[in-house]
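**Q**
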Amino acid sequence: MAKYVYDFTEGNRNLKDLLGGKGANLAEMTNLGLPVPPGFTITTDACRHYLAAGVVPDGLDQEVAEHLDALEKQMGRRLGQADDPLLVSVRSGAKFSMPGMMETVLNIGLNDESVHGLAKQAGGNDRFAWDSYRRLIQMFGKTVLGIDGDLFEHALDALKGKRQDTDLDAGELQGLVETFKGIVHEQTGKDFPTDPREQMRLAVMAVFDSWNAPRAILYRRQERIPADLGTAVNIVAMVFGNVGNDSGTGVAFTRDPGTGRQGIYGDYLQNAQGEDVVAGIRNTIPLEELERIDKRSYDELLDIMETLENHYRDLCDIEFTIERGKLWMLQTRVGKRTAAAAFCIATQLVDQGLITIDEAVTRVTGDQLAQLMFPRFDGGADKKKIAKGMNASPGAAVGKAVFSSERAVELSEQGEDVILVRRETNPDDLAGMIAAKGILTSRGGKTSHAAVVARGMGKTCVCGAEELEVSTSEGRFTAPGGVVVSEGDVISIDGTSGEIYLGEVPVVDSAVVEYFEGAEPEDELVKAVDRIMSHADSVRRLGVRANADTPDDAARARRFGGQGIGLCRTEHMFLGERRQLVEDLVLASTDEARQAALDALEPLQKADFTKIFRAMDGNPVTIRLIDPPLHEFLPDIVDLSVKVATDGATDKDRKLLAAVKRLHEQNPMLGLRGVRLGLVIPGLFAMQVRAIAQAAKDVPGARPEIMIPLVAAVQELESVREEAAKILAETGVEALIGTMIEVPRAALTAAQIAEAAEFFSFGTNDLTQMTWGFSRDDVESAFFSRYLDQGIFGVSPFETLDREGVGRLIKIAVEEGRSTRPDLHLGICGEHGGDPDSVHFCHDVGLDYVSCSPFRIPVARLEAGRAALTDSDSDTR
65 MAKYVYDFTE GNRNLKDLLG GKGANLAEMT NLGLPVPPGF TITTDACRHY
115 LAAGVVPDGL DQEVAEHLDA LEKQMGRRLG QADDPLLVSV RSGAKFSMPG
165 MMETVLNIGL NDESVHGLAK QAGGNDRFAW DSYRRLIQMF GKTVLGIDGD
215 LFEHALDALK GKRQDTDLDA GELQGLVETF KGIVHEQTGK DFPTDPREQM
265 RLAVMAVFDS WNAPRAILYR RQERIPADLG TAVNIVAMVF GNVGNDSGTG
315 VAFTRDPGTG RQGIYGDYLQ NAQGEDVVAG IRNTIPLEEL ERIDKRSYDE
365 LLDIMETLEN HYRDLCDIEF TIERGKLWML QTRVGKRTAA AAFCIATQLV
415 DQGLITIDEA VTRVTGDQLA QLMFPRFDGG ADKKKIAKGM NASPGAAVGK
465 AVFSSERAVE LSEQGEDVIL VRRETNPDDL AGMIAAKGIL TSRGGKTSHA
515 AVVARGMGKT CVCGAEELEV STSEGRFTAP GGVVVSEGDV ISIDGTSGEI
565 YLGEVPVVDS AVVEYFEGAE PEDELVKAVD RIMSHADSVR RLGVRANADT
615 PDDAARARRF GGQGIGLCRT EHMFLGERRQ LVEDLVLAST DEARQAALDA
665 LEPLQKADFT KIFRAMDGNP VTIRLIDPPL HEFLPDIVDL SVKVATDGAT
715 DKDRKLLAAV KRLHEQNPML GLRGVRLGLV IPGLFAMQVR AIAQAAKDVP
765 GARPEIMIPL VAAVQELESV REEAAKILAE TGVEALIGTM IEVPRAALTA
815 AQIAEAAEFF SFGTNDLTQM TWGFSRDDVE SAFFSRYLDQ GIFGVSPFET
865 LDREGVGRLI KIAVEEGRST RPDLHLGICG EHGGDPDSVH FCHDVGLDYV
915 SCSPFRIPVA RLEAGRAALT DSDSDTR
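So, in C-alpha cells, the structure goes:
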C-alpha cells in the first residue's frame with residue numbers, strides 16, 4: 065500500500081521529489097538534532113492524485129489521523145483541546161522554492177473555547193491568544209474560503225487607525241475576531257468552522273489547490289518549474305513569536321544573498337508571527353540587533369547557521385521563531401541569491417574547501433552571467449537623488465513609475481519600461497513584478513517578499529525606502545523635500561546602492577563586460593567570474609563560435625572568447641547601398657546583364673571576406689552562401705504597382721513591375737532562396753566561392769568553410785559542391801564544404817547528404833519554423849502568449865530548443881550523418897546556440913560546437929563547461 069505521510073524523523077533532504085523542499089529540509093534538520101517543532105509531511109504523490117482525480121487517495125485520511133494522534137501524544141495536548149490546545153500550521157512546500165506563491169495557514173485548532181486555553185498556556189496573555197485567533201480567521205478566510213483579503217485588511221486598518229497592529233489590546237482583538245467571523249458568514253453564508261480537524265482538512269485541500277492558482281502557474285512558467293510536480297503539505301506543531309517582546313520571528317541568510325559577503329545577514333521582528341517578516345507589514349530590524357535583545361538565542365542561531373552552511377555546503381536561507389526565549393527552526397533551504405552573489409559564493413566555498421572548482425562551475429548559470437553583463441548607472445552622470453532604501457537586488461533600472469501590477473503589465477505590453485512602486489508587494493503582484501524593469505517598495509526588509517522574488521528573477525529591487533510616502537490609490541509617492549512622483553514620471557533605481565533618482569540616469573557597460581572586452585579583473589566579482597570562466601573553458605568539450613557578418617562583430621566575438629565564426633550570413637552584406645546590385649542580378653534578363661552584376665559584386669565580396677578572415681586570425685570561418693528570401697531584394701510589388709498606375713511611370717518601371725510579378729511569391733520563406741537561388745541564377749554561388757578563395761589566399765592562415773543553405777536533397781548539394789570544388793582547386797585553397805540542416809527532409813536523409821557534405825550546421829531557426837509549421841515573424845505576437853498562458857508551451861520553441869520534435873530531427877541527422885561520414889563536423893548556428901538549456905542539449909547529442917551572437921558567447925562558454933560537468937538528467941536549477 066502506498067505511503068502518503070512521513071514523520072519528520074523519517075525523511076531527509078534527498079527526498080525533495082516526494083516531501084518537497086520544505087518537508088525534506090525540516091526532516092534533515094530534525095536528523096541533525098536542531099530544534100525543529102515536531103510534525104509530518106503529506107507527500108507530493110498525494111497532491112498529484114488529488115489534482116488528477118479531484119479527491120484524496122484512499123488511505124490518506126487514515127494516515128493523517130494516525131500521525132496527528134502520534135503528534136498529540138508527543139506534545140501531550142490534543143488539536144484544539146479547550147483547556148490546553150495543540151495548534152498546528154499547514155504549509156505548502158514544493159520541490160523547488162516558490163516563495164509566497166502557494167498557501168500557508170497558521171494557528172489551526174483555535175475556536176471560541178480553545179482561545180481561552182491558549183491564553184492560559186501563555187500565562188494569561190489574552191492579547192496573544194486573540195491576536196492568534198484573528199490571524200487564523202483572516203488567513204483561513206482568504207486562502208481556504210476564497211474571501212477577498214482586502215475585506216479583512218480594511219477592517220484591521222479601520223481598527224488600528226495610525227497605530228501598529230501590536231498596539232491593539234486584547235479587547236480590541238476580541239472584537240476584531242467577531243468582525244472577521246461576520247465577514248466569513250456574509251461572504252460564504254456559513255459560519256467559520258470551529259472543528260479543529262475540519263479546519264486542518266480544509267487547509268490541506270487549499271494547499272493542494274494552490275498549486276494551480278494563477279500566481280503559482282505564472283511563477284512556475286517564469287522559473288521554468290515543471291507543472292506536474294505538485295506540492296507537499298507540512299503539518300507542524302505551532303510555536304509562537306507573537307507572545308510578547310521576548311518572542312519574535314526572523315529570516316536569516318548564512319551569507320549576504322545580494323553580494324555573497326560573509327557576515328550576519330537577515331531581519332528580525334519582535335512580537336510577530338509567521339509571514340509578518342516577509343510580508344513587510346512592519347519594518348524589521350537588522351538581525352544583529354537580536355544580540356542585544358536576546359543574546360542566548362542569537363548565539364544559538366549563529367551556531368545553527370554555521371552547522372547548516374557546512375552541512376549543505378552552500379548559502380542557506382533560514383526561517384526561525386523565538387517563543388519566550390526558546391529558539392525554533394521553521395525552515396531552511398539553499399537560498400536564492402543574486403547573480404553576483406552566486407559567482408562570489410561559489411569561489412568562496414572553493415577557497416574554504418567546502419566544494420571543488422568543478423562544483424563551483426555547476427553552482428552558477430549562464431542566465432546569471434547574462435544578468436551580470438547588463439549595464440549599470442554611469443557614475444559620472446548628473447543624478448538627482450531623492451531617497452534611499454535597502455539594496456535588495458542589484459542592477460540599474462529606469463522606467464515610468466506605476467503603482468499597480470495591472471498597470472505595469474498594461475504599459476509593458478505597450479513597449480514601455482516601468483518601475484513597479486508599492487508600499488509592499490505580495491504574491492498577487494507577481495505579474496507586475498515580471499513585467500517591470502525594477503521594483504521599489506517603501507516597506508519591508510531585504511528578506512521581504514519583494515526582495516526574495518526579485519532576487520530569484522534577477523530583477524533590480526530597492527525595498528524599505530521609508531522616506532517615501534506611497535499612495536497607491538492616488539498613483540503617486542512623495543519623497544523628502546516635497547518631491548512628488550506621479551504615475552508615468554520616469555525614475556531610476558539602483559539595486560546595488562539602494563539609491564532612487566528622479567528622471568533617467570544614463571547607463572554604461574558592466575564591469576563584467578569590460579572584463580570580457582579585455583580589462584584586468586580587479587574587484588571580487590570579476591575575479592570570481594574569471595576563475596569560473598577559466599575552469600569552464602578548461603573542461604568543456606563543445607567549441608563556441610560566433611554568428612558574425614562584419615569585421616567589428618568578428619573582433620568582438622574573439623574578445624568574448626569565440627573560437628571562430630559558425631555563421632557568416634552573406635546576404636547581410638548586400639543591404640543598404642549594395643541592395644541595388646542584387647536587385648539587378650535577380651532581375652537580369654540577359655546573360656550579359658547578369659554577368660555584369662556578378663562582376664560588380666565579386667570584388668565587394670572579396671573585400672568583405674578578407675576583413676573577416678583577418679579579424680578571426682586563423683580561426684575557422686563558416687560562410688553561408690547567399691540565402692535571402694527573394695522579396696527582400698526586390699521592389700515592393702504594391703509600391704511599384706501604384707507607381708506604374710500613375711502618369712509619371714517610365715517604361716523601365718513597367719518592365720520592372722512585369723519582372724517582379726513574374727518572381728512574386730506568396731510565401732517567400734518557402735520559395736526561391738538558398739541553394740535554389742544558386743541553382744537558378746547561374747554564376748551566383750561561383751562568384752561567392754571565388755571571392756572566398758581569393759580572400760583566403762590573401763590572408764595567411766585563413767580557414768574558410770563554405771556552407772550551402774536550404775539543402776533538402778543530396779542532388780542539390782552535389783551540384784553546387786562540384787562547381788565549388790573546381791574553383792577551390794583552381795585557386796589552390798583548401799576549404800571544407802558542407803550544408804546547413806534547416807529543412808526536415810535534410811535531417812531525415814542525413815545519411816545521403818553526408819556523402820557530399822564535410823560538415824553539418826543546424827539552422828534551428830528555420831528548422832523550428834518548418835517543423836512546427838510556424839512563421840516566426842507572424843505567430844509570436846499572434847498567439848504565443850496564449851500558448852504560454854495555457855501551458856501548451858513551457859517556453860517559446862524559438863527561445864529554447866524543442867527537444868522532442870526539432871531535437872529528435874537533430875539526433876537523427878547526427879546519427880545518420882556520422883554513420884556515413886564518421887569524421888563529420890557538426891555545429892549549430894541558430895539563436896539556440898546561446899540558450900543555456902539548448903547548449904546542454906547540443907553537448908548531450910554530440911555536436912562539436914555551438915555558434916551564437918557575440919554577446920552571448922560567454923554564456924555559451926559557461927554552459928558548455930557546465931554541460932561537461934553535469935549529467936544531462938541532473939538537476940541544475
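Numbered by the working numbering, the letters in the sequence shown go through residues 65 to 941 in order. No residue lacks a Cβ here, since even glycine has one placed at the ideal position from N, Cα and C. Quantities reported herein were computed from a predicted structural model and do not represent experimental measurements.
Using a threshold of 9 Å, state whether the C-beta atoms of Leu394 and Ser361 are closer than that.
**A** Stepping through the sequence shown from its first residue, residue 394 is reached at position 330. Stepping through the sequence shown from its first residue, residue 361 is reached at position 297. For Leu394 and Ser361, no; Cβs fall outside 9 Å.
**Q** Three or more beta-carbon pairs under 8 Å between the segment 827-836 and the segment 784-803, yes or no?
**A** No, they do not touch.
**Q** In whole angstroms, what is the alpha-carbon distance linking Ile289 and Phe160?
**A** As a working mapping, residue 289 is identified with position 225 in the sequence shown. As a working mapping, residue 160 is identified with position 96 in the sequence shown. The alpha-carbon atoms of Ile289 and Phe160 are separated by roughly 7 Å.
**Q** Work out the CA separation of Gln145 and Leu232 for me, nearest whole Å.
**A** Here residue 232 is taken as the residue at index 168 of the sequence shown, counted from 1. Here residue 145 is taken as the residue at index 81 of the sequence shown, counted from 1. Cα-Cα distance, rounded: 26 Å.
**Q** Starting from Cys408, follow the alpha helix (DSSP H) in both directions and report where the run begins and ends.
**A** Position 344 of the sequence shown, counted from the start, is the residue given in the question as residue 408. Element bounds for Cys408: Ala403 to Asp415.
**Q** CA-CA distance, Leu151 and Gly545?
**A** Counting from 1 along the sequence shown, the entry for residue 151 is found at position 87. Counting from 1 along the sequence shown, the entry for residue 545 is found at position 481. Their Cα atoms are separated by approximately 49 Å.
**Q** Starting from the C-beta of Ala404, find all residues in its chain whose C-beta is less than 8 Å away, skip the five residues before and the five after it, and write them out in chain order.
**A** Counting from 1 along the sequence shown, the entry for residue 404 is found at position 340. Within the same chain, Ala404 has close Cβ partners Gly322, Thr323, Gly324, Leu436, Pro458 and Leu589.
**Q** Does DSSP classify Cys916 as helix, strand or coil?
**A** Residue mapping note: residue 916 aligns to position 852 of the sequence shown, counting from 1. Three-state result, Cys916: strand.
**Q** Within the continuous alpha helix (DSSP H) that includes Ala234, where are the two ends?
**A** Against the sequence shown, residue 234 aligns to sequence position 170. Where Ala234 is concerned, the enclosing alpha helix (DSSP H) stretches over Ala234 to Thr252.
**Q** For Pro768, which of helix, strand or coil comes out of DSSP?
**A** Within the sequence shown, the letter at position 704 stands for residue 768. If DSSP states are grouped into helix, strand and coil, Pro768 belongs with the strands.
**Q** From which residue to which residue does the beta strand (DSSP E) around Ser825 run?
**A** Your numbering for residue 825 matches position 761 in the sequence shown. Residues Phe823 to Phe826.
**Q** Here's a check: name, in chain order, each residue in its chain whose Cβ is nearer than 7 Å to the Cβ of Gly742, leaving out the five neighbours to either side.
**A** Locating residue 742 in the sequence shown gives position 678, where the first residue counts as 1. So the qualifying residues of the chain are Leu689, Leu748, Phe749 and Val784.
**Q** Between which two residues does the beta strand (DSSP E) containing Trp392 stretch?
**A** Mapped onto the sequence shown, residue 392 falls at position 328. Lys390 to Val398 is the span of the beta strand (DSSP E), which, as asked, contains Trp392.
**Q** Do you know how far the Cα of Ser705 is from the Cα of Ser556?
**A** Taking the first residue of the sequence shown as position 1, residue 556 is located at position 492. Taking the first residue of the sequence shown as position 1, residue 705 is located at position 641. Whole-angstrom Cα-Cα distance: 49 Å.
**Q** So, with DSSP's three-state summary, where would you put Met437?
**A** Within the sequence shown, numbered from 1, the residue matching residue 437 stands at position 373. It is coil, neither helix nor strand.
**Q** Any idea if Gly327 is buried or exposed, counting beta-carbon neighbours within 10 angstroms, 16 or more meaning buried?
**A** The residue given as residue 327 occupies position 263 in the sequence shown. When all chains shown are included, Gly327 counts as exposed.
**Q** What's the call for His896, buried or exposed, on a 16-neighbour Cβ count within 10 Å?
**A** The residue given as residue 896 occupies position 832 in the sequence shown. Classification of His896: buried, given that the 10 Å Cβ count is 16 or more.
**Q** Check whether the Cβ atoms of Ala811 and Leu873 sit closer than 9 Å, and answer yes or no.
**A** Sequence index remark: in the sequence shown, residue 811 carries index 747 (1-based). Sequence index remark: in the sequence shown, residue 873 carries index 809 (1-based). Against a cut-off of 9 Å, the Cβ pair of Leu873 and Ala811 comes out as a contact.
**Q** Just checking my contact of Ala456 with Ala518 at CB under 8 Å: how many whole Å lie between their CB atoms?
**A** What you label residue 456 is simply residue 392 of the sequence shown in a count that begins at 1. What you label residue 518 is simply residue 454 of the sequence shown in a count that begins at 1. Their Cβ separation, rounded to whole angstroms, is 6 Å, which keeps Ala456 and Ala518 in contact under 8 Å.
**Q** Considering just the uninterrupted stretch of the alpha helix (DSSP H) at Leu566, what are its terminal residues?
**A** Working through the sequence shown from its first residue, we reach residue 566 at position 502. That residue, Leu566, is in no alpha helix (DSSP H); its beta strand (DSSP E) goes Glu563 to Leu566.
**Q** Taking Gln627 as the reference, give the member of Val608, Val878 and Val526 with the closest Cα.
**A** Position 563 of the sequence shown, counted from the first residue, corresponds to residue 627. Answer by Cα proximity: Val608.
**Q** For Leu433 and Tyr913, I'd like the C-alpha separation in whole angstroms.
**A** As a first step, residue 433 is located in the sequence shown; it is residue number 369 there, counting from the start. As a first step, residue 913 is located in the sequence shown; it is residue number 849 there, counting from the start. Computed Cα separation, rounded: 20 Å.
**Q** Which first and last residues belong to the beta strand (DSSP E) in which Ala465 is found?
**A** Walking along the sequence shown from the start, residue 465 turns up at place 401. Its beta strand (DSSP E) spans residues Ala460 to Val466.
**Q** Give me the residue from Met680, Glu217 and Gly871 with the minimum Cα distance to Val909.
**A** In the sequence shown, residue 909 corresponds to position 845, counting from 1. For Val909, the nearest C-alpha among the options comes from Gly871.
**Q** Of all the alpha helix (DSSP H) runs that stay within the bounds of the segment 158-216, which reach a length of 4 or more residues?
**A** Complete alpha helix (DSSP H) runs here, min 4: 178-185 and 190-207.
**Q** What number of angstroms, rounded off, separates the C-alpha of Leu82 from the C-alpha of Ala296?
**A** Start at 1 with the first residue of the sequence shown, and residue 82 comes out as number 18. Start at 1 with the first residue of the sequence shown, and residue 296 comes out as number 232. Near 7 Å, if we compare the C-alpha coordinates of Ala296 and Leu82.
**Q** Within 10 Å of its beta-carbon, does Gly891 have 16 or more other beta-carbons around it, so buried, or fewer, so exposed?
**A** Locating residue 891 in the sequence shown gives position 827, counting from the first residue. Classification for Gly891: buried.
**Q** Roughly how many angstroms separate the alpha carbons of Ala877 and Met771, rounded to a whole number?
**A** Reading the sequence shown from its first residue, position 813 is the one you call residue 877. Reading the sequence shown from its first residue, position 707 is the one you call residue 771. Those two C-alpha atoms are separated by around 16 Å.
**Q** Gly894 to Ala618, Cα distance in whole Å?
**A** Along the sequence shown, one-based indexing puts residue 894 at 830. Along the sequence shown, one-based indexing puts residue 618 at 554. Whole-angstrom Cα-Cα distance: 17 Å.
**Q** Could you say which of Asp700, Thr402 and Leu781 lies nearest to Val739 if we only look at CA atoms?
**A** Residue mapping note: residue 739 aligns to position 675 of the sequence shown, counting from 1. Closest option to Val739, Cα to Cα, is Leu781.
**Q** Under the assumption that Asp195 contacts Leu237 (Cβ atoms under 8 Å), give the Cβ distance between them as a whole number of angstroms.
**A** Counting from one through the sequence shown, the residue named residue 195 turns up at place 131. Counting from one through the sequence shown, the residue named residue 237 turns up at place 173. About 5 Å; that satisfies the 8 Å criterion.
**Q** Tell whether a beta-carbon distance below 9 Å holds between Arg199 and Gly338.
**A** The residue you call residue 199 lines up with position 135 of the sequence shown. The residue you call residue 338 lines up with position 274 of the sequence shown. Contact: yes.
**Q** Tell me whether Thr940 sits in a helix, a strand or coil according to DSSP, three-state version.
**A** Residue mapping note: residue 940 aligns to position 876 of the sequence shown, counting from 1. Model confidence at Thr940 stands at a pLDDT of 37, short of 50, so the residue's coordinates are unreliable; what they give is reported in the following sentence. In the structure shown, Thr940 sits in coil (DSSP, three-state: anything other than H, G, I, E or B).
**Q** Between Asp717 and the rest of its own chain, which residues show a CB-CB distance below 8 Å, the 5 nearest in sequence each way excluded?
**A** To locate residue 717, count along the sequence shown from 1; it is residue 653. Leu704, Lys707 and Val708.
**Q** For Ala657, which residues in the same chain have their Cβ closer than 8 Å to its Cβ, ignoring the five residues on either side in sequence?
**A** Here the question's residue 657 lines up with position 593 in the sequence shown. Same-chain partners within the cutoff: Asp648.
**Q** So is Leu79 buried or exposed if we call it buried at 16+ other beta carbons inside 10 Å?
**A** Numbered from 1 along the sequence shown, position 15 holds the residue referred to as residue 79. It is buried - the Cβ of Leu79 has at least 16 other Cβ atoms within 10 Å.
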